[in-house]
Amino acid sequence: MGVHADGVGSPVAALCELYSAILGVPGIEPEDSFFDYGGNSLLATRLANRIRAELGRPVTAMTVFECPTPAELATAVGGALVGAPGGVDGSGVVGGVVAIQPRPARLPLSAAQRRLWFLHRLEGPSPTYNVPTVTEVRGPLDLVALGAAFGDLLARHEVLRTGYAEEGGEPVQRVRPAGAVPLAVVEAANAAEAAGAVARACAHAFDLATELPVRVAVVRTATDRATVVVTVHHIATDGWSMAPFAADLAAAYAARRRGAAPEWEPLPVQYADYALWQQGRSSTEETQLGYWRAVLDRLPVELALPVDRPRPSRASHRGGRVVRRLAPAVADRIAALARAQEATPFMVAQAAVAALLNRLGAGTDLPLGTVVAGREDEALAGLVGFFVNTLVLRMDLGGDPSFAELIARARAVALGAFEHQALPFDRLVEELRPPRSAARHPLMQTVVSWPPAGAVPQFEGAVCEAAEVPLEVSKFDLEFTFLDGAEGELTVQVDYAADLFDRETAELIGDRLASLLTGVSAELRLSELGVEPLRADAVAALPGRGGAACEPATLGALFAAQVARSPEAVAVEHAGEAVDYRELDRRSDRLARALAGLGVGPEVPVAVAMERGIGWVAALLAVVKAGGVYVPVDPGLPEARRGHLLADAAPLVTLTDAASPVAGIRLDELESGAESAEGTSPKLPGVRLDQLAYLIYTSGSTGTPKGTAVSHRGLSRMVAAHRELLGIGVGSRVLQLASIGFDMSLAEVTMALLSGGTLVIRQPLDVLRAGAGAGAAAGAGAAGAESTEAAGVTHLIATPSFLSAWSPAGLAPGAVVVTGGEACPEAVLAAWSAEHRVLNFYGPTETTVYATAGPLHPGSEITIGGPVPGTTVRVLDGRLAPVRDGVVGELYVAGPGLARGYRGRAGLTAARFLADPYGGPGERMYRTGDLVSWTADGRLRYHGRADDQVKVRGVRIELGEVEAALAALPGVRQAAAALREDASGEPRLVGYLVGGDESADPQRALAEQLPTHLVPTAYLRLTELPRTVNGKLDRAALPAPAADHGSSAAGAEAGGGDPVERALCGLFAQVLGRSEVGPEEDFFALGGHSLLVIRLIAEVEARGLGALAVREVFETRTARGLAPRLRGRAAPPPGGPTRIERRARTVVQRAALRPAESPLSPAGPARTSTTKDHSMTMPTDGPGAGK
3 MGVHADGVGS PVAALCELYS AILGVPGIEP EDSFFDYGGN SLLATRLANR
53 IRAELGRPVT AMTVFECPTP AELATAVGGA LVGAPGGVDG SGVVGGVVAI
103 QPRPARLPLS AAQRRLWFLH RLEGPSPTYN VPTVTEVRGP LDLVALGAAF
153 GDLLARHEVL RTGYAEEGGE PVQRVRPAGA VPLAVVEAAN AAEAAGAVAR
203 ACAHAFDLAT ELPVRVAVVR TATDRATVVV TVHHIATDGW SMAPFAADLA
253 AAYAARRRGA APEWEPLPVQ YADYALWQQG RSSTEETQLG YWRAVLDRLP
303 VELALPVDRP RPSRASHRGG RVVRRLAPAV ADRIAALARA QEATPFMVAQ
353 AAVAALLNRL GAGTDLPLGT VVAGREDEAL AGLVGFFVNT LVLRMDLGGD
403 PSFAELIARA RAVALGAFEH QALPFDRLVE ELRPPRSAAR HPLMQTVVSW
453 PPAGAVPQFE GAVCEAAEVP LEVSKFDLEF TFLDGAEGEL TVQVDYAADL
503 FDRETAELIG DRLASLLTGV SAELRLSELG VEPLRADAVA ALPGRGGAAC
553 EPATLGALFA AQVARSPEAV AVEHAGEAVD YRELDRRSDR LARALAGLGV
603 GPEVPVAVAM ERGIGWVAAL LAVVKAGGVY VPVDPGLPEA RRGHLLADAA
653 PLVTLTDAAS PVAGIRLDEL ESGAESAEGT SPKLPGVRLD QLAYLIYTSG
703 STGTPKGTAV SHRGLSRMVA AHRELLGIGV GSRVLQLASI GFDMSLAEVT
753 MALLSGGTLV IRQPLDVLRA GAGAGAAAGA GAAGAESTEA AGVTHLIATP
803 SFLSAWSPAG LAPGAVVVTG GEACPEAVLA AWSAEHRVLN FYGPTETTVY
853 ATAGPLHPGS EITIGGPVPG TTVRVLDGRL APVRDGVVGE LYVAGPGLAR
903 GYRGRAGLTA ARFLADPYGG PGERMYRTGD LVSWTADGRL RYHGRADDQV
953 KVRGVRIELG EVEAALAALP GVRQAAAALR EDASGEPRLV GYLVGGDESA
1003 DPQRALAEQL PTHLVPTAYL RLTELPRTVN GKLDRAALPA PAADHGSSAA
1053 GAEAGGGDPV ERALCGLFAQ VLGRSEVGPE EDFFALGGHS LLVIRLIAEV
1103 EARGLGALAV REVFETRTAR GLAPRLRGRA APPPGGPTRI ERRARTVVQR
1153 AALRPAESPL SPAGPARTST TKDHSMTMPT DGPGAGK
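So the sequence shown is numbered by my numbering: it starts at 3 and just counts up by one.
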């Protein structure tokens, strides 16, 4: 650096001087890069502001990035760098903020303030949006001077003495008179007492309608030791405000100690002027909206993060923070990587966080949040206020980029966002209408920021240092904050939502990020980044977890071994008859030889179309002993369905009984012939493990049943699972209920006959009638219990639907209940686990009935357990890479239990049975299509189907989650949910209920538990849910609601209903600017947003309909849903002012009656982070923001 080559007064020289002023580096040369001397995104914005203000040229932050030296920048902007600022230049930047005199009667809030005011109305006073500063003071502290200095500070910055009210449903600012500020002084006897006082001060919950947004507390532990806590609500400040706040406070304190008033240069504008100026930027915002629409098209609603527990229906905002400090060498490495890519350290941090989340299973399309200062005019540089804006940085990690490429992508994304930062975040949310939810932030839930160095208030004559802020709140799932240290080190803060993460997990996330930043290099590819699992025990989960190995054997061999162990034990009971193991073995042997005589042998299909009974069991055993393939055909199936199965399977022989409508060989006739031919029948062939044992037909996605061909090799896994998990053995009695066409019937047979138990065959309808469900008379229930206990059943397999229709009294206490096939509602589990042991078994037919299993306990999370013996399960992402614990992925199953494939469906087989990238040569894995995640203790949490998810207005909905909530409603025995179209063709979520209080409002109850997009808008009560032949819910057969259950066509229906409902329809239409709105139309789907909710509430109260809470509108959304909430509520006098307006006027009157010296309320709790900006954390719409 030296003398400017262009000479004093030249355009380049002028730019060099501005570079030096902004960077704090004297003597910048024309060829010096802005970013080589500490330039970053914020400073680039400030430089652009200064150039526009002082030199009158159309420069933006993007221009500085593209032309980082004074010489390049001078060439880029062209012409002489002279001219007057103001107006709208070619950059689209609106001219400067100016003081407005006289001001309008109603001062609006800025866009960012409106967002916070709405959240304040929604959630009530809370410390979530506090910005506290905690300063340790060693030395004398003049409390009188300190109080006067704060009075000076509030007099200088109007926003610190501004209250907020509502007029006609619109929030307005009320600037209050300046006055002295009393301090809340606490004399603490010890450190613990002092810490408690500081924590309480940090956590003060502001009421913005009645209090000023700032409080001051002084906690003293000695005459020369104190802690000063300044708590400001975010509506009045941001992270970038702390520098002018601290500087002005220090100057005022020093002056007041001398008995003088501070001598400041007057501020050119106040925050209210900025809010008025912002209203004039609509043309700029419209231009930028198109950019954001394109960039955020089809944005993921939520990132898949490695959480420790499911997201609650509402965020509590409880949080925590972990801190990692990185050595100066790491900070230097980050700076070097940034320079090499012509980027900033923030962009490297952005790339690193994206890479970390990708490696932890979040995918390749990652929306991250960040904040910008929002001070686009130099007149705002010294002003305290809430200026920051939140931006969405959508990172694309596809294609396995190198880290250098990832930084380049981060740079492009960030620069595009910075160039379009003028659009307020809340406006973006209103326009894009992401799915709203009280559970998560809209558009993004993970934030990355690199704020400026924090400013610590300095009090003349004392030593002042920043202290930790004891306030643990969270507005996002994860927030990564990078802070420059005084000695060149780098601090990384990880703030986490305690709703989702344990502290241990957050600690590990911090460790992994620190490790990544320490070891990363430009050439490393994303897949090569060494991000270890979050937990030590997760190493075993990558790439899969497996049950204990077990020795394979054929079904015939397993049965023969059991016959040898317990020949005289009863094997099967049915209709008053019983057969022991020895006799069943002899009978099935004779039948097997007879079948062999008919040509049955290895791989030869034999259909069995019989009623369940002893003969059916003998036939099943006979087929597999002959080496044939057992093909069950339920005789109760429709004729067309039976015909398709038989045509597709092409059995050599079809075994029937007297009652069967299927043509074939009757079993009794075959047995008679076998007895007469005994001694002359052919010898049975040996059966190999890889021969097919059975062919089971299940529904296909095309509507055509597909035959799943299963070999003998995986059958021993079932035996091991039954013995280990269920305690099955000689003396056990297994109730057999399943249709023979359902593979659960094979589970029942093998559970009993391969372990020495007795198979007790009953008709499901008889069991239900005898056992009497929840609605049956007590006498019937008692009779059922007697008949079942007489049967001595010890083990039962049943779907939750069946269990919900049957009384637990129908099964003897202590019996083991195995459920599966569909989600088990909490209510069903609670009822059946009171006196029984309940386990959940999961497995597609393609995995030989079972893949995972585990016990269920009331009050604990319902999972599908872990892998059964001889089975490996993997949870993989879209690239077939393992996901981490807590991250949702697709479930794949490997091991000897896999089916051979689908009969005659080679393409489908290839699509579902894939080469196992983690197995040995030739090994396969089955793609289940089920979405699951690992729990920390190695169980699988079920999240629904990957291919059967439904969408409502672009929001993915897992019907199982809705059904579980419906089933948990009081008295409900069965529940279902489905997507149905209304009269206009719009999809709507419908709930179906069996049982329960018909006068109860299920929508209201569900709205208290579920995010709003999961709450059905119509409900039907049925006597029973439709079932498939296998006992599962037949979702396709659920009836559509009639038109009067809700139609989005407003028309005539808008005039129906009671007077309250009709009035609400009219107010919906008025507020939304529509001609009419139907009672079932969703307020938000029609364009409603947070501010329109406030207007709606004001109109409802002004019309005398009653008082509504903001949250009620978000939870209910329709006029029909809100009407019952208003009926019977006390309403304001007709034509009188709304409750909101009266409250606002009261506030205004109080403000007007205050003395000239308006005191602040005594300080309460507070917290501080002098470097961290909390501005963007607030969701814009919806309880919690608008998911």
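Where is the CB? At the ideal position from N, CA and C, for every residue including glycine.
All of these numbers come straight from a predicted model, not from anything done at the bench.
C-beta contact flag for residue i and residue j at 8 Å
i	j	result
residue 593	residue 624	yes
residue 558	residue 684	no
residue 695	residue 669	no
residue 605	residue 693	yes
residue 416	residue 395	yes
residue 466	residue 475	no
residue 495	residue 483	yes
residue 449	residue 362	no
residue 321	residue 499	yes
Assigned secondary structure, residue i (DSSP; H/G/I helix, E/B strand, else coil)
i	result
residue 393	strand
residue 612	coil
residue 627	helix
residue 864	coil
residue 852	coil
residue 935	strand
residue 541	The predicted model places residue 541 with a pLDDT of 41, which falls under 50 and marks its position as unreliable; any figure quoted below should be read in that light. Residue state, collapsed to three classes: helix.
residue 322	strand
residue 132	strand
residue 22	helix
residue 122	helix
residue 363	helix
residue 763	strand
residue 14	helix
residue 486	strand
residue 920	coil
residue 404	strand
Straight-line gap, residue i to residue j (C-alpha atoms, nearest Å)
i	j	result
residue 915	residue 745	19 Å
residue 427	residue 391	6 Å
residue 826	residue 612	31 Å
residue 510	residue 962	32 Å
residue 15	residue 71	11 Å
residue 148	residue 202	21 Å
residue 547	residue 870	10 Å
residue 493	residue 132	22 Å
residue 1150	residue 211	Because the pLDDT of residue 1150 is 20, which lies under 50, any placement of that residue in the model is unreliable, and the number read from its coordinates should be weighed accordingly. So the two alpha carbons sit approximately 9 Å from each other.
residue 18	residue 32	6 Å
residue 859	residue 831	7 Å
residue 782	residue 754	Its pLDDT being 34, under 50, residue 782 is placed unreliably in this model, and the value from its coordinates should be taken loosely. Rounded to whole angstroms, residue 782 to residue 754 spans 29 Å at the Cα level.
residue 1188	residue 699	Confidence at residue 1188 is low in this model, with a pLDDT of 31, below 50, so its placement is unreliable and the value that follows should be read with caution. Rounded to the nearest angstrom, the two C-alpha atoms are 44 Å apart.
residue 380	residue 274	16 Å
residue 265	residue 1125	59 Å
Residue of the options minimising C-alpha distance to residue i
i	options	result
residue 922	333, 874, 889	874
residue 1093	1112, 1108, 1106	1112
residue 359	256, 899, 886	886
residue 2	281, 828, 351, 397	With the chain covering only 3 through 1189, there is no way to say anything about residue 2.
residue 421	293, 629, 101, 515	293
Which runs of the alpha helix (DSSP H) fall wholly inside the region 668-749 and span at least 4 residues, in chain order?
669-678, 717-728
Go through the region 887-915 residue by residue and report every complete run of the beta strand (DSSP E) that reaches 3 residues or more, in order.
891-896
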